[in-house]
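J.: One structure, pasted below without further comment.
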Amino acid sequence: MSGISFPELDPRDRYKLLCGVVVPRPIALVTTLGENGAVNAAPFSFFNVFSEDPPLVVLGLQHKADLSPKDTTRNIHRSGQFVVHMVDEALAAIMNDCAVDFPSGSSEVEATGLATLPSIDIAVPRLAAAPFALECRQHVALAFGPGRELLVGEVLRLHAREGLVDQERMYVDFDAYRPIGRLFGNLYSTQRDTFALTRESHAQWLARVNGGDAAREPSGETQ
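Reading the sequence shown from the start, the letters are residues 44 to 266 in the working numbering.
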């Protein structure tokens, strides 16, 4: 099998394959402030954490069909500020409502009845219902063609729902968190089925594969 050549595919087919293969993806429900003061909220599944030092997240921003920027992109470019909210099972339905094509400049937060709380380091409000909220400022934005941008944001502050973080150990209670993941089409996943794999040192790995003899290198191994 020679594989599927992406340069020969229609962008829509590339999208379907990438979204079906790279799963599950975390969902960022992003709030920004419009020029008119409206609080915009939009979900993104082309999203992930990128670095802890500096603390960075990345967002894939898509423009409209006419290549004009959507509200989130325009608002971040103007203010450099945004809040990323993680989405749990309780927030899933409203997150999906925020994906409705509301008129530009309107507030999904107001339309869906979402309550907000003030942020501390930035002017953009955060969503009270979110399990986690990350106050962010734009670090850099890179354009890839006329309709796509990669936004890198620096995390300034993390807000957590009561009971989700043990601040003494900086431990997240995953069972209480209940995040969801994006699959493809209209499909999402819960994260209730988990299993653990312990990362081993090289010495531990050698001891395991060699039946306890850590001194013996596997046949053919070179340094």
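Where is the CB? At the ideal position from N, CA and C, for every residue including glycine. As the structure is a prediction and not an experimental result, all values here were calculated from the model.
Report all residues from its chain with a CB closer than 7 Å to the CB of D131; omit the five preceding and five following residues, and keep chain order.
T.: As a first step, residue 131 is located in the sequence shown; it is residue number 88 there, counting from the start. Counting only Cβ-Cβ distances below 7 Å, and skipping sequence neighbours, we find P174, Y220, R221, P222, I223.
J.: Can you give me the Cβ contacts of V176 inside the same chain, cut-off strictly under 6 Å, excluding the 5 residues immediately before and after it?
T.: Within the sequence shown, numbered from 1, the residue matching residue 176 stands at position 133. Note that residue 176 corresponds to Ala in the displayed sequence, not to Val. Taken in chain order, the residues that qualify are V126, H128, R169, H202.
J.: Please state whether DSSP places S122 in a helix, a strand or coil.
T.: Residue mapping note: residue 122 aligns to position 79 of the sequence shown, counting from 1. DSSP places S122 in helix when its eight states are reduced to three.
J.: Pull up the distance between the alpha-carbon of N253 and that of V215, whole angstroms please.
T.: Position 210 of the sequence shown holds residue 253. Position 172 of the sequence shown holds residue 215. Their Cα atoms are separated by approximately 36 Å.
J.: Between S88 and S232, what straight-line distance do the alpha-carbon atoms span, to the nearest angstrom?
T.: One-based indexing of the sequence shown puts residue 88 at position 45. One-based indexing of the sequence shown puts residue 232 at position 189. Cα to Cα, the separation comes out at about 13 Å.
J.: Using the beta-carbon count (16 or more within 10 Å), is Q124 buried or exposed?
T.: On the sequence shown, position 81 is the one that residue 124 refers to. With 16 or more Cβ atoms within 10 Å of its Cβ, Q124 is classed as buried.
J.: Applying the 10 Å Cβ sphere with the 16-neighbour rule, what's the burial state of N83?
T.: Counting from 1 along the sequence shown, the entry for residue 83 is found at position 40. Buried, by the Cβ-count rule.
J.: If you drop the 5 nearest sequence neighbours on each side, which residues of the same chain put their C-beta closer than 8 Å to that of N79?
T.: Taking the first residue of the sequence shown as 1, we reach residue 79 at position 36. Excluding sequence neighbours, N79 sits near G148.
J.: Provide the residue(s) that pair with E95 in DSSP beta bridges, ordered along the chain.
T.: Residue 95 sits at position 52 when you count from the first residue of the sequence shown. BP columns for E95 point to P98.
J.: Going by DSSP in three states, L201 sits in which element: helix, strand or coil?
T.: Here residue 201 corresponds to residue number 158 of the sequence shown, with the count starting at 1. If DSSP states are grouped into helix, strand and coil, L201 belongs with the strands.
J.: Thinking C-alpha only, which one of S162, G228, A171, L230 is nearest V152?
T.: Position 109 of the sequence shown, counting from 1, holds the residue named residue 152. Looking at the Cα atoms, A171 is the closest of the given residues.
J.: Hey, I119 and Q181: beta-carbon distance below 7 Å or not?
T.: As a working note, residue 119 is residue 76 in the sequence shown. As a working note, residue 181 is residue 138 in the sequence shown. Taking 7 Å as the Cβ cut-off, I119 and Q181 qualify as a contacting pair.
J.: So, L199 versus L193, is the Cβ gap smaller than 7 Å?
T.: The sequence position of residue 199 within the sequence shown is 156, counting from 1. The sequence position of residue 193 within the sequence shown is 150, counting from 1. No, these two residues do not count as a Cβ contact at 7 Å.
J.: Pick helix, strand or coil for N79, following the three-state DSSP scheme.
T.: Within the sequence shown, numbered from 1, the residue matching residue 79 stands at position 36. DSSP places N79 in coil when its eight states are reduced to three.
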